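Quick notes on the structure that follows.
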Amino acid sequence: MSFPASETDLGAGVSASPTSLATDGGRSGGGRSRILRFAVPVFMLVLLVAAWSLYVAAYDVPHYILPSPRRVAEALVADWSVLGPALLVTLKITFLALLIALVGGVALAVLLSESRLAELALYPYAVILQVTPIVAIAPLILIYVPSTQAALLICAWIVAFFPVLSNTTQGLKSTDHNLLDLFRLYGASRWQTLAYLKMPNALPYFLAGLRIAGGLALIAAVVAEFAAGSAGAGSGLAFRLIESQFRLNIPRLFAALILLSMTGVLIFAVTSFVSHLLLRRWHESALKREV
Amino acid sequence: MLQSSREPMTQAAPLISLRHVSKRFANGTLALNDLSLDIAQGEFVSLLGPSGCGKSTALRIIAGLANASGGKLEWPSASGATPVAEHGAEISFVFQEPTLMPWATVFGNVHLPLKLKGVSRTAARDDVMAALDMVGLAGFADSYPRELSGGMKMRVSIARALVTKPRLLLMDEPFAALDEITRFKLNNDLLHLWSTFGWTVIFVTHSVFESVYLSNRIVVMAARPGRVVEDMTVDAPYPREEEFRTSSLYNDYCRKASEALHRAMEASEGS
Numbered sequence: 001m002s003f004p005a006s007e008t009d010l011g012a013g014v015s016a017s018p019t020s021l022a023t024d025g026g027r028s029g030g031g032r033s034r035i036l037r038f039a040v041p042v043f044m045l046v047l048l049v050a051a052w053s054l055y056v057a058a059y060d061v062p063h064y065i066l067p068s069p070r071r072v073a074e075a076l077v078a079d080w081s082v083l084g085p086a087l088l089v090t091l092k093i094t095f096l097a098l099l100i101a102l103v104g105g106v107a108l109a110v111l112l113s114e115s116r117l118a119e120l121a122l123y124p125y126a127v128i129l130q131v132t133p134i135v136a137i138a139p140l141i142l143i144y145v146p147s148t149q150a151a152l153l154i155c156a157w158i159v160a161f162f163p164v165l166s167n168t169t170q171g172l173k174s175t176d177h178n179l180l181d182l183f184r185l186y187g188a189s190r191w192q193t194l195a196y197l198k199m200p201n202a203l204p205y206f207l208a209g210l211r212i213a214g215g216l217a218l219i220a221a222v223v224a225e226f227a228a229g230s231a232g233a234g235s236g237l238a239f240r241l242i243e244s245q246f247r248l249n250i251p252r253l254f255a256a257l258i259l260l261s262m263t264g265v266l267i268f269a270v271t272s273f274v275s276h277l278l279l280r281r282w283h284e285s286a287l288k289r290e291v
Numbered sequence: 292m293l294q295s296s297r298e299p300m301t302q303a304a305p306l307i308s309l310r311h312v313s314k315r316f317a318n319g320t321l322a323l324n325d326l327s328l329d330i331a332q333g334e335f336v337s338l339l340g341p342s343g344c345g346k347s348t349a350l351r352i353i354a355g356l357a358n359a360s361g362g363k364l365e366w367p368s369a370s371g372a373t374p375v376a377e378h379g380a381e382i383s384f385v386f387q388e389p390t391l392m393p394w395a396t397v398f399g400n401v402h403l404p405l406k407l408k409g410v411s412r413t414a415a416r417d418d419v420m421a422a423l424d425m426v427g428l429a430g431f432a433d434s435y436p437r438e439l440s441g442g443m444k445m446r447v448s449i450a451r452a453l454v455t456k457p458r459l460l461l462m463d464e465p466f467a468a469l470d471e472i473t474r475f476k477l478n479n480d481l482l483h484l485w486s487t488f489g490w491t492v493i494f495v496t497h498s499v500f501e502s503v504y505l506s507n508r509i510v511v512m513a514a515r516p517g518r519v520v521e522d523m524t525v526d527a528p529y530p531r532e533e534e535f536r537t538s539s540l541y542n543d544y545c546r547k548a549s550e551a552l553h554r555a556m557e558a559s560e561g562s
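In the order they appear, the protein sequences are chains A and B.
Numbering-wise (the working numbering), the first sequence opens with residue 1 and increments by one.
Numbering-wise (the working numbering), the second sequence opens with residue 292 and increments by one.
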């Protein structure tokens, strides 16, 4: 699978290789660069895991300090009955928080950009909510909200909400003035200007916000669970992580960690892919340039 | 010959009439001072002047995009005293930049004025394609603006202005950012369309040569405050083709307009 967004960082390295290879024969167009884009990261991963495995074997590192990749894989399979449900809980909180953040962030952004009064009244509080560390608010929320799950959801939402709000507001406000004049000249209603001009204009900004919010929602879901310190059947990966640490079950800790980072990568890949699909026809960020 | 056929119209009530219009910006700048101007049906008028002479401001006031601080704007040929806003349907505006929506195709961009009036894509298809055909871009309906050259983008912008079949076309230095070859080509195309459809055009420019080539009347303006210093007729027959650019008649008018512009600039500095 290729991640469109990573083109920006990987692009430089990948596009450099065909030029250096070009001396030993013709380039096979995009085919080679596509294979490279897939092969280089996979190769890198294999290399890292091999080095890790060799290091553990060579220095005889005890598994409660650093387990071998094989032990981690075994823990992943053996403890799936514990980790699986925990993953599901974390996923549920993350995506639900992200969803509410998207709907709420966009709705508030529209309100703020359409009404100066609303902006003056509400924006400072959105900023305060954002700049206050979530770990500091979490204990309060846990007291006020009866269910831990709901509290975690609120924490994740607060964190994911702001990038969507601020980016979308920025996008809605940076509409080309001539286009606004044009809409006025043709007697566009406020709603038409919003739907046909401001919203499409804000789309790239919104999508950038979405990509940040996706990652933050997961981080906040984990941090909030650390703060909550909840236990039992309904707990997520963060609790399993702490629990494994207490029990010195380091292979399981690694397994939980891997699940978390896989989730993060998946969220990044999906949001980048959505962004690419929506922008590829027109936005500069999604265009490939011929050099 | 077209000139002669237009003569009787100029005798009738003007299409628009600016009466002692002035405009002062919030920062105190007097952009326009006591501007009075009658524009007849079917005229091709150029507003020529140095930057800061308020020619764009005048255009924006006519379009209803800006309010005059003093004086009034009348539409004598319309029945009764209709407010400016109601003429929106008959006015089209072409900006200096193509001002296209990058997320919409060429078709989508030209469709926009009709879409805002509630005409669906299917219902508008014929009109949109006809407008694209006029500017020679019928084959690019599904392209995105970024795939087009600067000249082609400007053509799309013109097609969008034409799709509503306006009575009055306002153009604010539309070709200023284009290279000379493209500009000459678009000048010719614009004249051709104008002689076919007979709209009234108000064309803002700072190019003497462009104003003489295109228009049958040149209003020369001076800056600080923006005002009219000269109102000259370009009495050369249409259709004007490339030969006109090298004719002595063209030369004479260019000299006249150029001198008027110099006087305008001296007047600007003097004040």
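The C-beta atom is built at its ideal place from N, Cα and C for all residues, glycine as well.
All values derive from a computational prediction rather than experimental measurement.
Asked, Found
"Where tyrosine 205 of chain A meets chain B, residues with beta-carbon distance less than 7 Å", "Near tyrosine 205 of chain A there are no residues of chain B at all, since even the closest Cβ is about 13 Å away, more than 7 Å."
"Cα-Cα separation between alanine 513 of chain B and alanine 421 of chain B, rounded to whole angstroms", "39 Å"
"Exposure of alanine 224 of chain A, with buried meaning 16 or more beta-carbon neighbours within 10 Å", "buried"
"Where tryptophan 282 of chain A meets chain B, residues with beta-carbon distance less than 7 Å", "Pro393, Trp394, Tyr435 and Arg437"
"Residues within the region 181-192 of chain A neighbouring chain B, beta-carbon criterion of under 9 Å", "Asp181, Leu182, Phe183, Arg184, Leu185, Tyr186, Gly187, Ala188, Ser189 and Gln192"
"Helix, strand or coil at isoleucine 352 of chain B [DSSP, three-state]", "helix"
"Among B:Ser411, B:Cys545, B:Trp394 and B:Ile352, nearest to proline 200 of chain A - alpha-carbon criterion", "B:Trp394"
"Below-7 Å beta-carbon distance, leucine 364 of chain B vs any chain A residue", "no"
"Length of the line joining the Cα atoms of valine 401 of chain B and leucine 185 of chain A", "15 Å"
"Residues that serine 308 of chain B bridges to, as DSSP identifies them", "B:Asp329 and B:Glu365"
"From B:Tyr544, B:Phe386, B:Gly430 and B:Leu459, residue whose alpha carbon lies closest to that of leucine 306 of chain B", "B:Leu459"
"Own chain partners of proline 374 of chain B with C-beta closer than 6 Å, once the 5 adjacent residues on each side are dropped", "Residue confidence for proline 374 of chain B is low, a pLDDT of 47 falling below 50, so the modelled location carries little weight; the figure read from the coordinates is stated next. Closer than 6 Å at the Cβ level, and outside the excluded window around proline 374 of chain B, lies no residue."
"Outcome for phenylalanine 431 of chain B when other beta-carbon atoms lying within 10 angstroms are tallied against a minimum of 16", "buried"
"Paired residues, beta bridge with phenylalanine 535 of chain B - DSSP", "The partner list for phenylalanine 535 of chain B (beta bridge, DSSP) is empty, contrary to what the question assumes."
"Cβ-Cβ separation, leucine 350 of chain B to aspartate 463 of chain B (assumed contact under 8 Å), whole Å", "5 Å"
"Chain A within 7 Å of proline 516 of chain B, Cβ atoms only", "no"
"7 Å Cβ cutoff, valine 179 of chain A in contact with chain B", "As written in the sequence, residue 179 of chain A is leucine, which differs from the valine given in the question. Yes, leucine 179 of chain A lies at the interface with chain B (some Cβ there is under 7 Å from its Cβ)."
"C-beta atoms of valine 426 of chain B and arginine 412 of chain B nearer than 7 Å", "no"
"Contact list for isoleucine 382 of chain B against chain A, beta-carbon separation under 7 Å", "Leu185"
"Beta-carbon proximity check, leucine 484 of chain B vs alanine 354 of chain B, cutoff 7 Å", "no"
"Residue-level contact to chain B via CB, alanine 22 of chain A, 7 Å cutoff", "For alanine 22 of chain A, the predicted model reports a pLDDT of 38, less than 50, meaning its position is unreliable; a value from the coordinates is still stated below. Taking Cβ atoms only, chain B never reaches closer than 7 Å to alanine 22 of chain A, which makes this a no."
"Residue-level contact to chain B via CB, proline 200 of chain A, 7 Å cutoff", "yes"
"Any chain A beta carbon closer than 7 Å to alanine 357 of chain B", "no"
"Opening and closing residue of the alpha helix (DSSP H) in which aspartate 418 of chain B lies", "412-425"
"Closest by C-alpha distance to proline 67 of chain A, when choosing among A:Thr271, A:Phe254, A:Leu266 and A:Ile258", "A:Phe254"
"Exposure of phenylalanine 38 of chain A, with buried meaning 16 or more beta-carbon neighbours within 10 Å", "exposed"
"DSSP three-state assignment for phenylalanine 316 of chain B, whether helix, strand or coil", "coil"
"Local conformation of serine 486 of chain B per DSSP, three classes", "helix"
"Where valine 222 of chain A falls: helix, strand or coil (DSSP)", "helix"
"Sub-7 Å separation of arginine 515 of chain B and serine 559 of chain B beta-carbons", "yes"
"As assigned by DSSP and simplified to three states, the class of arginine 508 of chain B", "strand"
"CB contact below 7 Å: leucine 407 of chain B versus chain A", "yes"
"Alpha carbon of leucine 552 of chain B to alpha carbon of leucine 207 of chain A, nearest angstrom", "50 Å"
"Nonlocal neighbours in the same chain, by C-beta distance under 6 Å from proline 299 of chain B, ignoring five residues either side", "Residue placement at proline 299 of chain B is poorly supported in this model, since its pLDDT is 43, which falls under 50; the coordinates still yield a value, given next. Closer than 6 Å at Cβ, skipping near neighbours: no residue."
"Contact belief for aspartate 418 of chain B with leucine 405 of chain B at Cβ below 8 Å, rounded distance in angstroms", "7 Å"
"Opposing strand residues paired with arginine 518 of chain B [DSSP bridges]", "B:Ala513"
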